[in-house]
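Trainee: Once you've had a glance at the structure underneath, I'll fire off some questions.
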Amino acid sequence: RRSGRERAVPGKYKNYVLPSKGLPSHHSTDNPSSDDFAEAGPSSVKHGLKASKGATKKSTDPRTVAEALRSDEADLWRTAMGEELQALMDNNTWELVQLPSDKKAIGCKWLFKTKRDEHGRVVRHKARIVAQGFTQKYGTDYDEVFAPVAKQVTFRVLLTIASRRNSVVKHVDVKTAYLNGELEETIFMRQPEGYTTGDERTVCRLRRSLYGLKQSARVWNRKVDSTFKSIGFQQSKSDPCLYMRRQNDTFAYILIYVDDMVIVTQTEEEFNAIFESLQRNFTVTNLGDIRHFLGMEVERSDAGYKLNQATYIRKLVQRFNLEQAKPSKVPLDPGYLQQKEEECKPLPNNQDYLSLIGGLLYVAVHTRPDIAVSTSILAQKSSKPNQQDWNEAKRVLRYLDSTINHKFQLGATNEELQMFVDADWAGNSRDRKSNSGVLLQFGGGLVAWCTRKQTCVALSSTEAEFVALAEGCQELIWTRRLLEEVGEAALGPTRVNEDNQSCIKLVESDKIERRSKHIETRYFFVRDLQEKGTISLQYCPTENMLADVMTKPLARIKLEKLRSAIGIRPDQFEEECRCK
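So for the sequence shown, UniProt numbering puts the first residue at 1; every next one is plus one.
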């Protein structure tokens with residue numbers, strides 16, 4: 001029989017919030033054990049909050065026309081649908097024809113989205129007709145579909161250059177971008193719901209690309225490319241979504257991500273001239289100085305641009321019901337990799353886990369390199385996550401929530417490109433593979449970072465560092481090429497910071513040592529880069545090795561030191577520095 005005495009909460013569950021007195025519980029027992037809350041899987045209701053299907057909160061946007069017209073915002077959605085249809089008509093997107101007897105028409109669907117600004121405030125209600133491209137047949141309805149997207153490194157490099165040169169940076173939106181592309185294939189589509197005419201064989205013959213078609217992105221990209229080149233811009237070889245124009249001693253840049261353009265010029269007059277050229281080809285809106293881009297909030301200061309994703313992080317916290325959860329001072333338990341997997345309870349369903357990892361990766365790639373290694377490690381468990389993996393994934397989100405006022409500071413100084421490389425030798429006790437960490441700084445701030453589990457088992461710390469060095473140099477070569485294209489002064493050897501002196505000797509020596517002769521030839525291209533003068537390998541004391549934050553989960557004190565050093569600081573940090 002159970003004892004009547006009150007049980008204390010086990011220490012391992014203290015990171016989780018239990019229901020407060022008076023809150024309804026989803027359990028029928030009067031005294032639920034702590035295990036009922038802490039050990040429940042991700043599909044269970046957490047923290048005694050109101051029950052709903054799954055652990056995550058769903059979007060309130062309507063999913064069908066019927067839902068939209070039954071909602072409290074029916075008039076707004078009806079207006080949005082009318083605006084979308086009018087835009088399609090204005091662009092001469094289709095013509096109504098009788099469907100040939102030997103052809104099939106693809107379907108279409110209305111999508112509804114509440115658009116918000118960088119502070120989460122509602123800006124507009126948007127409705128869009130999308131073709132059901134999943135029914136298209138390769139070779140008949142489409143051929144090539146690839147279209148490039150802008151790299152985040154390019155975006156950060158442009159903002160750094162803009163700060164160094166005191167340039168103008170504007171954000172331009174292209175209305176109904178895909179509708180500007182002209183289709184080469186003959187595609188028939190059923191009429192959109194709510195706007196039908198004629199008999200059942202009256203369909204839309206598409207003249208222009210439409211959202212949802214397999215080839216729409218490629219057709220739009222082809223149109224953009226020809227337009228930019230017609231006004232004097234050249235496409236970058238490093239990033240196909242970057243276009244550059246040089247007139248006398250000044251540069252202008254356009255970076256495009258689908259229908260968003262970032263335009264960097266030396267003067268307002270030059271921007272206005274470019275904008276007028278774009279107006280002659282597309283329906284564009286000048287959104288002014290860049291403040292919000294791809295889910296990031298962008299802020300300009302004397303010290304350079306700052307990026308953050310506070311609004312996105314808040315949505316993640318709400319979605320996974322962690323508003324009242326205990327804050328975490330580190331993104332991942334430093335002892336996580338030492339735990340034996342057989343001791344952990346597997347999750348019955350990994351969908352919520354995958355959803356959370358996807359959200360964390362989005363933040364790690366854009367603005368928070370301090371969670372990159374934690375998220376990468378957890379992502380490796382996506383196929384078969386266990387309860388401990390789920391708890392640690394939520395810890396990362398609790399850490400982000402507790403540091404939500406931290407912003408990522410880009411550089412603005414004249415400091416040249418340099419790289420920090422480190423490796424955590426055999427840090428994973430499960431397979432003894434090492435983790436590589438790479439940071440690239442330009443202008444005194446980070447522009448690129450990566451953390452990667454090595455594919456081979458390194459037999460020594462020297463070998464692990466050597467492999468990491470080779471992986472980092474691949475990113476370095478590309479970044480150097482990009483900087484040369486955007487007009488940075490001729491680059492000399494790039495400083496590469498390494499804290500393993502044996503690794504440095506291995507690069508600088510021509511000898512084939514007994515303990516290193518087994519290392520794959522492909523890693524020795526680092527030695528070739530050193531001999532050509534592309535890189536200059538320099539010793540960096542371990543206590544100054546910034547890339548350590550990318551190799552393994554760190555304890556709080558060291559994490560906070562490196563986090564600040566790589567530019568992730570509280571919003572008041574700059575003001576405090578001025579006061580000192």
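Cβ coordinates follow ideal geometry from the N, Cα and C atoms, glycine included.
It should be emphasised that the depicted structure is a prediction, and the values quoted were computed from it without experimental measurement.
Rounding to the nearest angstrom, what Cα-Cα distance links isoleucine 519 and threonine 375 in this structure?
Mentor: 29 angstroms
Trainee: Whole angstroms is fine: what's the gap from lysine 50's alpha carbon to asparagine 321's?
Mentor: For lysine 50, the predicted model reports a pLDDT of 32, less than 50, meaning its position is unreliable; a value from the coordinates is still stated below. Cα to Cα, lysine 50 sits roughly 10 angstroms from asparagine 321.
Trainee: Give the C-beta separation of cysteine 108 and arginine 190 to the nearest angstrom, bearing in mind that I take them to be a contact with Cβ-Cβ under 8 angstroms.
Mentor: 6 angstroms
Trainee: Taking lysine 151 as the reference, give the member of Glu276, Val457, Ile535 and Val258 with the closest Cα.
Mentor: Val258
Trainee: Just how far apart, CA to CA, sit valine 123 and glutamate 299?
Mentor: 19 angstroms
Trainee: Suppose you measure from the CA of glutamine 136 to the CA of serine 226; what does that come to, to the nearest Å?
Mentor: 27 angstroms
Trainee: Figure out for me which residue from Leu506, Glu488, Gly492 and Arg563 has the closest Cα to the Cα of arginine 246.
Mentor: Glu488
Trainee: Under 8 angstroms, with one C-beta from each stretch per pair, do the stretch 454-468 and the stretch 430-437 reach the 3-pair mark?
Mentor: yes
Trainee: Roughly how many angstroms lie between the CA atoms of leucine 85 and valine 284, to the nearest whole one?
Mentor: 18 angstroms
Trainee: Could you tell me whether the Cβ atoms of glycine 133 and leucine 213 are closer together than 7 angstroms?
Mentor: yes
Trainee: Around the C-beta of aspartate 117, are 16 or more other C-beta atoms found within 10 angstroms, so that it is buried, or is it exposed?
Mentor: exposed
Trainee: Helix, strand or coil for leucine 410, going by three-state DSSP, please let me know.
Mentor: coil
Trainee: So within the stretch 438-499, which uninterrupted alpha helix (DSSP H) runs reach at least 4 residues, ignoring any that extend past its ends?
Mentor: 461-485
Trainee: For threonine 265, does the three-state DSSP call read helix, strand or coil?
Mentor: strand
Trainee: Helix, strand or coil: which one does DSSP assign to asparagine 391?
Mentor: Asparagine 391 sits in a helix when the DSSP states are folded into three classes.
Trainee: Roughly how many angstroms separate the alpha carbons of arginine 569 and phenylalanine 408, rounded to a whole number?
Mentor: 7 angstroms
Trainee: Nearest chain D C-beta to glutamate 84 closer than 7 angstroms, yes or no?
Mentor: Although the question refers to chain D, the structure presented lacks it and comprises just one protein chain.
Trainee: Measuring CB atoms only, is the stretch 397-413 touching the stretch 465-485, in the sense that at least three cross pairs come out at less than 8 angstroms?
Mentor: In this structure the stretch 397-413 does not touch the stretch 465-485; the number of beta carbon pairs closer than 8 angstroms is below three.
Trainee: Specify, as a first and last residue, the run of the beta strand (DSSP E) that isoleucine 129 falls within.
Mentor: 122-131
Trainee: Please report the distance separating the alpha-carbon of asparagine 349 from that of serine 383.
Mentor: 10 angstroms
Trainee: Counting Cβ pairs, one atom from each stretch, are 3 or more of them under 8 angstroms apart for the stretch 420-429 and the stretch 387-404?
Mentor: no
Trainee: Taking the alpha-carbon positions, what's the phenylalanine 188 to tyrosine 138 distance?
Mentor: 15 angstroms
Trainee: Can you tell me whether DSSP reads leucine 562 as helix, strand or coil?
Mentor: helix
Trainee: Quick check: glycine 181 and lysine 223, are their CB atoms within less than 7 angstroms of each other?
Mentor: yes
Trainee: Specify, as a first and last residue, the run of the beta strand (DSSP E) that glutamate 531 falls within.
Mentor: First-last for glutamate 531: 525-532, but that is the alpha helix (DSSP H), not the beta strand (DSSP E).
Trainee: Look at the alpha carbon of glutamate 463 and the alpha carbon of threonine 451, and state the distance between them as a whole number of angstroms.
Mentor: When rounded, the distance between both Cα atoms is 17 angstroms.
Trainee: Express the C-alpha separation of serine 502 and valine 264 in angstroms, rounding to a whole number.
Mentor: 44 angstroms
Trainee: In whole angstroms, give me the CA-to-CA distance for alanine 448 and glutamate 184.
Mentor: 39 angstroms
Trainee: Would you identify the three-state DSSP class for aspartate 571, choosing helix, strand or coil?
Mentor: coil
Trainee: Indicate the three-state DSSP secondary structure (helix, strand or coil) for tyrosine 362 in the structure shown.
Mentor: helix
Trainee: Could you please give me the residues that DSSP links to tryptophan 110 through a beta bridge?
Mentor: Ile129
Trainee: Flag leucine 537 as yes when its Cβ comes closer than 6 angstroms to any non-hydrogen atom of the ligand HEM, and as no otherwise.
Mentor: Of the ligands one can find in the structure shown there are none, so the ligand HEM has no counterpart to examine.
Trainee: Quick one: is glutamine 215 buried, meaning 16 or more other Cβ sit within 10 Å of its Cβ, or exposed?
Mentor: buried
Trainee: Which class does glutamate 276 belong to by DSSP, given the choice of helix, strand or coil?
Mentor: Helix at glutamate 276.
Trainee: Once you ignore the five residues that flank alanine 177 on each side, which residues in its own chain have a CB closer than 8 angstroms to its CB?
Mentor: Trp220, Val258, Asp259 and Phe282
Trainee: Helix or strand or just coil, what does DSSP make of glutamine 318?
Mentor: helix
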